[in-house]
Each structure stands twice: as C-alpha cells, then as structure tokens.
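Colleague: Per the working numbering, the very first residue in the sequence shown carries number 56; after that it's consecutive. We treat Cβ as the ideally placed atom computed from N, Cα and C, and that holds for glycine. Quick caveat, the model's predicted, so the values are computed rather than measured.
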Amino acid sequence: MSHDLESPYVEGVPDWDALYRARGDEVSQTRPIFTGDVFTGVQLPGSTGTTKARSVVVLQHPCSMRTNGVDLAWQVLVAEVTSRKEIDEPGWTGGNFNLMPLPGIRPDVTSQSRHQAANFDNLYTVAPASLITRIASLSPFGVNLLLQRWVHYSSRVVVPTHTFHEQTVAFYEEADLIEEWCDEAGGDDLRAETQACLDWLRADRGGSTYQELLKNPQSHSMIRRAMRQELRERNQA
Numbered sequence: 056m057s058h059d060l061e062s063p064y065v066e067g068v069p070d071w072d073a074l075y076r077a078r079g080d081e082v083s084q085t086r087p088i089f090t091g092d093v094f095t096g097v098q099l100p101g102s103t104g105t106t107k108a109r110s111v112v113v114l115q116h117p118c119s120m121r122t123n124g125v126d127l128a129w130q131v132l133v134a135e136v137t138s139r140k141e142i143d144e145p146g147w148t149g150g151n152f153n154l155m156p157l158p159g160i161r162p163d164v165t166s167q168s169r170h171q172a173a174n175f176d177n178l179y180t181v182a183p184a185s186l187i188t189r190i191a192s193l194s195p196f197g198v199n200l201l202l203q204r205w206v207h208y209s210s211r212v213v214v215p216t217h218t219f220h221e222q223t224v225a226f227y228e229e230a231d232l233i234e235e236w237c238d239e240a241g242g243d244d245l246r247a248e249t250q251a252c253l254d255w256l257r258a259d260r261g262g263s264t265y266q267e268l269l270k271n272p273q274s275h276s277m278i279r280r281a282m283r284q285e286l287r288e289r290n291q292a
C-alpha cells in the first residue's frame, strides 16, 4: 500500500523553527522526558539484525509512559529518526505520511544530518535508561503535529492539531513548571525535586489542585507566579 495517502487536511508549518522548543545546547537536562523529545545514541537493531547507535523520537503521551507522574514505564514507544533530505511544503502536507519531517533539527551543522525525519514504519520500545542524550524537544505545535501525522498514518483519520492541544497543553505546562522548579531548586537529586514539584502541584487547595487547574490555560500564569513564590520561600528557609 502506498504511503502517500491523499489528505488535504494534514497541516503544514509556516516556519521550521516553530516545530522546536529547544535544539542542541538549548536542551535542558532537567526537563521531564516528553512526547516529541529526540534522543541519539540509542543502541537498537535494524532490519538486518545489526545493532548500532540510532536516533529516536518519543511517541507516547506523557501519561501513558509514567505510572506515578515521575518514573517512566519499563518500556517507552519511539520511532527511529534518520537523516533525510528536506521535505518541501507540498511533500509535507500532500504525502510522506509515514514520516514526521524534522527539518533543521541540527541547525549548527551543514551536512545531510541537518535535516532529519522520524519514520513511523521503524518503531521500537526502549528502556528509559537508554534515553540519555536528548538533542531536541518539540514545541507544543510540534508535538501536536507529530501526533497528528502519527495518528493519521496509523488510522487514516486526520485530527486537527488544536484538538491534540486541548489534551496536551496541561501536561506540557506541567513539564515546563517541573523544569523551572528543578533549575531553581538546584538540588543534586533530580527525581526528588521532580517529586517535590508534583507534590506541590497536587496539594489540595480548597477542593482543587494546581495540577487540575493546569487544564485551564487561563490559570497558567497564576500558577507559575505561585510556584516562583514557593521557591523563593523555600530558598530563604
């Protein structure tokens, strides 16, 4: 069956930079592993059985790969990422649906590896311990576009990116808050700081929690201010 399915509704992107939250040295090591994160150096077998270091992108929703909000499941679903010639706009929206193009993922290089793509035909489940060297994190739009292409290729159904956003925005904001908390706290135990942030988000506040309020984007700035105040008070103590 051809990979180039006819679908005029798969969305494009106005600017490649809009796909990314961070690349290369911009990537934070304190950020929880999230959908759309790209890792390199993962030892995996290929179609011939040869094992070598490969790059992968995380496909799972953050809830499905964590049982308690902190620890990753024993295996995480990923797709292989390889170097690929840059795909132009018609090729992006009108075909190549087995791929999630990642143009300019390595903007600091001029070789073919500057442009890459995730291949939904090459799937793996990997142990979290193998996800060490993160080279990119996608933006909210990038995450939603990855999910749109992955679901479309798997089901032949096109889900608008804004629908995915409604389901991912709270978790994306939570990852942002955990990253900022860990950066500001500066502790040596990243897991302990992540747990401390989640405990703060999950604390009952008159019948609700900040974690529940993250579902409403209008609450995000208020929660961020409250978290920064909490961190100032902890540091002073």
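(1) Measuring alpha carbon to alpha carbon, tell me which residue in Ala240, Val136, Pro158 and Val82 is nearest Asp176.
(2) For Met282, which three-state DSSP category applies?
(3) Going by C-alpha distance, which of Lys270, Val133, Gly149 and Val93 is nearest Val65?
(4) Enumerate in chain order the residues of its own chain whose CB-to-CB distance from Cys252 is below 6 Å, with the five nearest sequence positions on each side excluded.
(5) Does Leu180 pass the burial test, meaning 16 or more other C-beta atoms within 10 Å, or should it be called exposed?
(6) Does DSSP put Ile233 in a helix, a strand or coil?
(7) Is Thr90 near Val212, with beta carbons less than 7 Å apart?
(8) Helix, strand or coil for Arg287, going by three-state DSSP, please let me know.
(9) Less than 7 Å separating the beta-carbons of Leu114 and Met120?
(10) In this structure, does DSSP put Pro183 in helix, strand or coil?
Modeller: In short:
(1) Val136
(2) helix
(3) Gly149
(4) Ile233 and Trp236
(5) Residue 180 is actually Thr in this sequence, not Leu. Its Cβ having fewer than 16 others within 10 Å, Thr180 is exposed.
(6) helix
(7) no
(8) helix
(9) no
(10) helix
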